Every structure is written in structure tokens, then in C-alpha cells.
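Structure, as C-alpha cells:
In UniProt numbering, the protein residues as written are 1 to 323.
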């Protein structure tokens, strides 16, 4: 991995979870099923992004997550995230932090997600000078629906101070955030980007987001990154598009693969030296996501990421973007 200047990532992860992984030799709904093993760790998209950065980045890189925590599950998340070397901005709340349960049988994964129950703007403002990039990770919980919008506006207001790279990795309730014109990278999967736009295809969604007269991703250099499971991923700017193949895997557990992709993609965009192209940065993110799938627990091993990167190909694709 090329050397990188020390810099920080602030991940807003307003929906943390106590993640439990139960592994079964067989699983039959409507029957009593005895698990072969149980593991538990701090879950949630922002928590996964910050943790992946600590595993992948340089030792001096700051990984900071802002989240709401409550109850015994919240105490567990706080302790586990802290043990990973991730700094935390915590707002303690009365509602207990949710629990998410993953059921694994062979390569099949079923996820059961509890319903969700504020980090202050002053705390986020104080953290920004230590960071070079900001990621909005996952759907905001009830009572914090405007958190992302407020932070996006703060980034716009302080742009003369520092041009933070803002990546958005969620699709529900983000229309107003996109309309600020402050988003640098929108990273979604194929289903999410079509649901966000109502488009019939990923290409049509990209045109709506990047090229239409009222397109929200008009910021100079803005990108749309779209993953599609084992199928090729897509990357779009307003004038170019790329297809990125991914290797076929024996998946053990894919939960959190997208978070690893977000972390390493954003790290590569903002911190690699010399700077890398957007398509190569996305390829590194995809490699990290693939490597995560090889383990039951959220591990990210550099040698596996490097091997996955070698297996990913990048091809510029036909794209009727802006002339």
C-alpha cells in the first residue's frame, strides 16, 4: 500500500448496533435450531467504516465515529469500538442501542435487524479540523433525520477553511443533502440507486444524478459509485464511466463488506501518495469489500486486499454523459 500523509476520517454512524453472528450447520424456520458458534461485536455502517480504516490505514491516521449510544448494548459498542483504536464522539441517549443478529449457514446469510430507538454540531465542528474526509453512513434514526443535512451545510459554510471530501453511503432521506451541492461521492448498491431515483437502470439513474439540468451531483469532480454484489460495479462522473469486475468468492459473511469498501475507497481518494485515479480508488475499495467476505468476523487483512485488487479489472465503458 503506498504511503499516505496522516489525515483523518469522520464517519457519522447514527445507527450503531450490537452485532451478533450465529453460525449453524443447518437452519430450518419453524424448528428449534441450535447454533454451532456465537460471536458478537460492534456493528453499524459508520462503526464498520471507521474500524476498517484503522485496519487498513497508516498507524497515525485518525478514525473517528460519531454515534448515539444507549443501554447495555450501547456500553458494549462503546467498549468494542474503543478497543479497535477508533476515537468516538458519543451522545448518550435513553433508548437502548439496537441489536442485529446474523444467521450463517454455509454461504447463506440471513440478517435480523431490531428497530432503531444527538451528537451535537459543536462536537462535530470541533472534530472537523482533524479530518480530511467525512462519510455519512446509513439511515439516520428517528429524532436525528436532519443530522446529515446540518453537517453538509456546515461543510459548505467552512469550505474556505478546508475542502473536505464528503462521501454519502445511504439513500433514504438524503434528497435535501444532495440538493446542497456539497456531496463529492455518492456510493450505493444497484437497488438503492434505482430506488433513490426511480430509474429503470443504473445508467439512467447516473444520468439523473450527474447530467440532467437539475442533477444534484453537479459539484466539480463528483462521482457516483455503484456496487452490485458479485456482478461488475460501476463508477460514473459527469463525462466518463467505468466498469469494474470483481472476483468470484466463496463468501463466508458479507455483512460489513460495503463498509470496508467505503473506508478504503475514501482513504484511497484522499490520502494515497501519489494521488490515485477515482477508478483505481474504487477498485481498492472493492478489493477490501471482497476480502471482508472471506471471514465470519469483520477482519480486513492487507495481503488479502492486495490479492483481491490484482483480480479486479477496470474498463472505461460507453457513457452518454455531458458532452
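Here a beta-carbon is modelled for each residue, glycine too, at the ideal position from N, C-alpha and C. Keep in mind it's a predicted model, so treat the numbers as computed, not measured.
- Excluding its 5 nearest sequence neighbours in each direction, residue 54 has C-beta neighbours in its own chain below 7 Å: 63, 84, 85, 86, listed in chain order.
- The DSSP-derived three-state label of residue 41 is strand.
- Counting every other CB atom within 10 Å of its CB across the protein chains shown gives residue 132 a total of 16 or more, marking it as buried.
- Counting along the chain, residue 187 sits inside the beta strand (DSSP E) bounded by residues 185–189.
- Here residue 24 has 33, 34, 35, 36, 103, 104, 105 as same chain residues with Cβ atoms under 8 Å from its own Cβ, once five neighbours each way along the sequence are excluded.
- At the C-beta level, residue 309 and residue 281 stay beyond 8 Å of one another.
- In this structure, DSSP gives residue 242 an extended state, which the three-state scheme calls strand.
- In this structure, the CA atom of residue 46 is about 35 Å from the CA atom of residue 31.
- Within the same chain, 10, 164, 166 come within 6 Å of residue 134 by CB-CB distance, once the 5 residues on both sides are set aside.
- In the DSSP assignment, residue 102 falls within the beta strand (DSSP E) that extends over 98–105.
- Sequence-distant Cβ neighbours of residue 156 in its own chain, meaning closer than 7 Å and more than five residues away, are 180, 182.
- In the DSSP assignment, no residue is bridged to residue 300.
- Between residue 223 and residue 209, the CB-CB gap reaches or exceeds 8 Å.
- Apart from the 5 residues on each side of it in sequence, residue 228 sits with its Cβ closer than 6 Å to the Cβ of 190 in its chain, given in chain order.
- For residue 137, the uninterrupted beta strand (DSSP E) run begins and ends at 133–137, by DSSP.
- Residue 216 holds the alpha-carbon nearest to the alpha-carbon of residue 185 among 316, 216, 18, 108.
- Secondary structure note for residue 78: its alpha helix (DSSP H) is the uninterrupted segment 71–83.
- Taking the C-beta atoms as reference points, residue 44 is found nearer than 8 Å to residue 67.
- Short of 6 Å from the beta carbon of residue 316, and not among the five residues preceding or following it, lie these beta carbons of its own chain, in chain order: 242.
- DSSP, reduced to helix, strand and coil, places residue 198 outside both helices and strands of the structure shown, so it counts as coil.
- If you compare the alpha carbons of 251, 41, 201, 15 with that of residue 101, the shortest gap goes to 41.
- Per DSSP, reduced to three states, the secondary structure at residue 309 is helical.
- Under the DSSP assignment, residue 268 falls in the alpha helix (DSSP H) whose first and last residues are 257–271.
- With a cutoff of 8 Å on beta-carbon distance, residue 172 and residue 139 are scored as near each other.
- Distance from the CA of residue 199 to the CA of residue 149, rounded to the nearest whole angstrom, comes to 24 Å.
- For residue 169, the enclosing beta strand (DSSP E) covers residues 165–169.
- Taking C-beta separations shorter than 8 Å and ignoring five residues to either side along the sequence, the partners of residue 252 in its chain run 104, 107, 293, 294, 295, 296, following chain order.
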